[in-house]
Each structure stands twice: as C-alpha cells, then as structure tokens.
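S.K.: In this note's numbering, the protein residues as written are 1301 to 1628.
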Amino acid sequence: MECRIFTDPSNGATYQDLSESAQLAEEFGYAGFLLSDHYAPFAGDGQPGPTDVWTTLAGLARDTSRIRLGSLVSSVTFRHPGSLAIIVAQVDAMSRGRIEFGIGAGYFEPEHRAYGIPFPAVGERFDRLGEALELITGLWRSPTGQRYTFTGEHYRLIDSPALPKPWQSPGPPIILGGTGKKRTPALAARFADEFNLQTSRRRAPGKHQRSELMSRDVAAQIDLVRGAAEAIGRDPAGITFSMSALVGVGHTAGQATAAIDPENYAWQTFDGTTLVGSPAQIVDQLGPYAELGITRVYLRAPRRIDSLADNFELFAAEVLPQFGSTPR
C-alpha cells in the first residue's frame, strides 16, 4: 500500500507552512503530498486565509524534488477548464512530471457565495465536470501542431492550439471520487487513473477513537467503478482505489491517542476513517482496506506536519516498510 500526505489549508495556512510540510514529507519518504482546493474555511476564522492550490503547487514543484504533488480535489466551478488545462500542464512541467490532477463537481456553497463564484445545481455541476474532463484531456492528447475544437452545452473551444503539453504523457494521472451510483462511476471509467473512496461514516471532530469501515458500501462502489470500466472495454485493473485516514501511531497508547487530538489540527475538520495504535496495530487495521482493493492511503495532516513530526516519522519508519515502501 502506497502512503501519501494530505492536508487542508483552507482553514488557515501560509505558503511557508505548506512548503516546509511538503519538504518534511519528502524527507520522511512519503510518496506524495496533496492539498484540498477550497477558498473558505469549514471552521474557525480561517486566518491567515486560504492558499490557491495551483499557485501553491507551482511553488512546491520548485521546493521539492521527488515527492508527487497534487489536488484532492479541485472544484470544476472554480476555473474555466480551458485555462485550467494550461495551468496544470505548466505546473506538471515545473515539477518534471510529478503532478496528480484531482478534480470534482464541487459541493461547498458558502465559499462560492463568499467569492462570487456561480454555484449551479448538482446536475449541472456534474455536466460541467464531464465536459471539463473531456476537453482537458482532449487538449492534452491532441498531437502537437494540431488544433482542437470542443462544443458542449457549457463550454466551447474553437481552433485551440492545445498548448502547452504536460510533462507527463498523455497527462497527469486524474483522480476522481465520490459516492454516486451512476454518473460518478461512469466518469471514473472514462477518465480516472485513481478513485478516492469514502470509507467511514461521518462523525464530529474529536470522535475518532474507532474506525467504522463500511465494507459493503466500499466494496459496492468499487464494483460499480470496475463494472463501468468493463462496460466500455477498459481494464479496471488500471484504476487505483484510495482512501484517506487520520492516523495516530505510537509505542504507547497515550502517544498514539495524543497524535489525533483535534487541537493538533488547528480547526481542520475531518470526516473519515481513523486508525490508532502501535505500528503493528496500524498495519493490522489497514489490512481490511487492502483486502477490499484499496492500495493507496492519504494520511491526514495539520497545516504544519512538524507539529506532529514524531507521529509521521514513526509511521514512515515502522509502518511504510511493512507495505514494501522504504523511506528514502
């Protein structure tokens, strides 16, 4: 199982916070460092304010050398997909091919109101997501020197030079996710290299003492995505399934529990799986997820992971090797 770091800077983070965290994650040996894409806080006053995810990733591309970087995920409502294709391709080149492109329909209406961004009904947002995925991949995959035209209900591109091209060919891996039963699996089958799953029931911050694996729901969603891929002639083995988790690891129960104290996360909210225990116990707790077919996990982190350096370093030193990942 591959392990990456995920953090949500919307509730308050500076670029320096995120840069130092990405460099520390790279030093510890994690495979990736991904950021949410939000413009307003979910809790607290959000000081000092959000960092734009693609501006931030451009900087991180120059501040790091090995770790993969990306969005988990960008809302299709925030940026016109034509310009987004240019932005992502350029950041991919700046990182020399280390970008992961997560994109979704968007869901947090208050941030749209706060910055004057239109927030259509959910059906239209999914229509826009489908068109965006088609035209972005179309721009990236068009042969150099060939023009690209796209006509959809919401977006229209005419005679585009389809430049620049990403460093990765045909483009950065695409991450989708969600719990939808029809449109979500269909989009994943067509476009996704990775599908991010919700693996636990929602609960309030602080109530993280046990994991609630929804094995039937998770297995059913995986089957829907795989079935949709097979229906269009795609090998479902080409889709990676991932999850996120808040992890507290320690050599004592007190150390492990302290690592997931909400005070460490500076108002960052969390609504996913929580794993707590010794390194061996964490390996055992991840076992059922691996059995379901999940091969990538994102460890939730505060805006500055050095505030919990012992937790993330211990995980890297004693849990990663159990999955064949050796810290560098």
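Just so you know, even glycine gets a beta-carbon here, dropped at the ideal spot from N, CA and C.
Are Ala1389 and Lys1465 closer than 8 Å when you measure CB to CB?
M.R.: Here residue 1389 is taken as the residue at index 89 of the sequence shown, counted from 1. Here residue 1465 is taken as the residue at index 165 of the sequence shown, counted from 1. Yes.
S.K.: If we cut at 8 Å on Cβ distances, does Leu1614 have a partner in chain B?
M.R.: The chain labelled as chain B is not found in the depicted structure, where only one protein chain is given.
S.K.: For the segment 1443–1463 and the segment 1375–1389, state whether three or more C-beta atom pairs, one from each stretch, are separated by less than 8 Å.
M.R.: yes
S.K.: Please report the straight-line C-alpha distance between Val1422 and Ala1405, rounded to a whole angstrom.
M.R.: Residue 1422 sits at position 122 when you count from the first residue of the sequence shown. Residue 1405 sits at position 105 when you count from the first residue of the sequence shown. Answer to the nearest angstrom: the Cα atoms are 8 Å apart.
S.K.: Please report the straight-line C-alpha distance between Gly1344 and Gly1312, rounded to a whole angstrom.
M.R.: As a first step, residue 1344 is located in the sequence shown; it is residue number 44 there, counting from the start. As a first step, residue 1312 is located in the sequence shown; it is residue number 12 there, counting from the start. Rounded to whole angstroms, Gly1344 to Gly1312 spans 9 Å at the Cα level.
S.K.: The beta strand (DSSP E) with Glu1424 in it runs from where to where?
M.R.: Position 124 of the sequence shown, counting from 1, holds the residue named residue 1424. First-last for Glu1424: 1422–1441, but that is the alpha helix (DSSP H), not the beta strand (DSSP E).
S.K.: Return the Cβ separation of Ile1417 and Leu1357 in integer angstroms, given the expectation that the two are a contact with Cβ distance under 8 Å.
M.R.: For the purposes of this step, residue 1417 is taken as residue 117 along the sequence shown, with counting starting at 1. For the purposes of this step, residue 1357 is taken as residue 57 along the sequence shown, with counting starting at 1. Their Cβ separation, rounded to whole angstroms, is 20 Å, which puts Ile1417 and Leu1357 out of contact at 8 Å.
S.K.: So what does Leu1546 bridge to, in DSSP terms?
M.R.: Here residue 1546 is taken as the residue at index 246 of the sequence shown, counted from 1. According to DSSP, which records beta bridges pairwise, Leu1546 is partnered with Thr1574.
S.K.: Specify the secondary structure class of Thr1595 as computed by DSSP and reduced to three states.
M.R.: Indexing the sequence shown from 1 puts residue 1595 at position 295. If DSSP states are grouped into helix, strand and coil, Thr1595 belongs with the strands.
S.K.: Are there 16 or more other CB atoms within 10 angstroms of the CB of Pro1348, so buried, or fewer, so exposed?
M.R.: For the purposes of this step, residue 1348 is identified with residue 48 of the sequence shown, where counting begins at 1. So Pro1348 counts as exposed.
S.K.: Between Ser1442 and the rest of its own chain, which residues show a CB-CB distance below 7 Å, the 5 nearest in sequence each way excluded?
M.R.: On the sequence shown, position 142 is the one that residue 1442 refers to. Counting only Cβ-Cβ distances below 7 Å, and skipping sequence neighbours, we find Tyr1448, Ala1462.
S.K.: Alpha carbon to alpha carbon, what distance is there between Leu1614 and Phe1419?
M.R.: Counting from 1 along the sequence shown, the entry for residue 1419 is found at position 119. Counting from 1 along the sequence shown, the entry for residue 1614 is found at position 314. Phe1419 and Leu1614: Cα-Cα distance of roughly 42 Å.
S.K.: Output the boundary residues of the alpha helix (DSSP H) element that contains Phe1491.
M.R.: Locating residue 1491 in the sequence shown gives position 191, counting from the first residue. That run of the alpha helix (DSSP H) goes 1483–1491.
S.K.: Identify every residue that forms a DSSP beta bridge with Ser1374.
M.R.: One-based indexing of the sequence shown puts residue 1374 at position 74. Looking at the DSSP assignment, Ser1374 forms a beta bridge with Ile1403.
S.K.: Is the separation between the beta-carbon of Pro1588 and that of Ser1515 shorter than 8 Å?
M.R.: Start at 1 with the first residue of the sequence shown, and residue 1588 comes out as number 288. Start at 1 with the first residue of the sequence shown, and residue 1515 comes out as number 215. Yes; because the gap between Cβ atoms is below 8 Å, this pair is in contact.
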